[in-house]
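Peer 1: Just dropping this structure here.
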Amino acid sequence: MQTKRSETLLVQTLKKQRLDREFSWISREFAHFLTLTDLDVENAPYKEALELGLAE
1 MQTKRSETLL
11 VQTLKKQRLD
21 REFSWISREF
31 AHFLTLTDLD
41 VENAPYKEAL
51 ELGLAE
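Here it is as structure tokens:
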């Protein structure tokens, strides 16, 4: 019984660590997006112009 419980705790810990790594990667990957409208595909030309300094 104790062995099964310790295995369960180990599996839960490993899953949590994996999930933490995934969230960490996501937050780094999308750090430059400030709002949901930044993710809007129709906003892409404006964001590109803004980053190039061509937007008004």
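In full-length UniProt numbering, the protein residues as written are 1 to 56.
In this text, a Cβ means the ideal position worked out from N, Cα and C, and glycines have one as well.
#1: Could you name the residues of the same chain whose beta carbon sits closer than 7 Å to that of residue 31, not counting the 5 residues immediately before and after it, in chain order?
#2: For the candidate residues 13, 20 and 51, whose alpha-carbon lies nearest to that of residue 33?
#3: So, with DSSP's three-state summary, where would you put residue 13?
#4: Can you look up residue 35 in the DSSP assignment and give me helix, strand or coil?
Peer 2: In this structure, then:
#1: There are no such residues.
#2: Out of 13, 20 and 51, 51 has the C-alpha closest to the C-alpha of residue 33.
#3: Three-state DSSP puts residue 13 in a helix.
#4: When DSSP states are grouped into helix, strand and coil, residue 35 belongs to the coil group.
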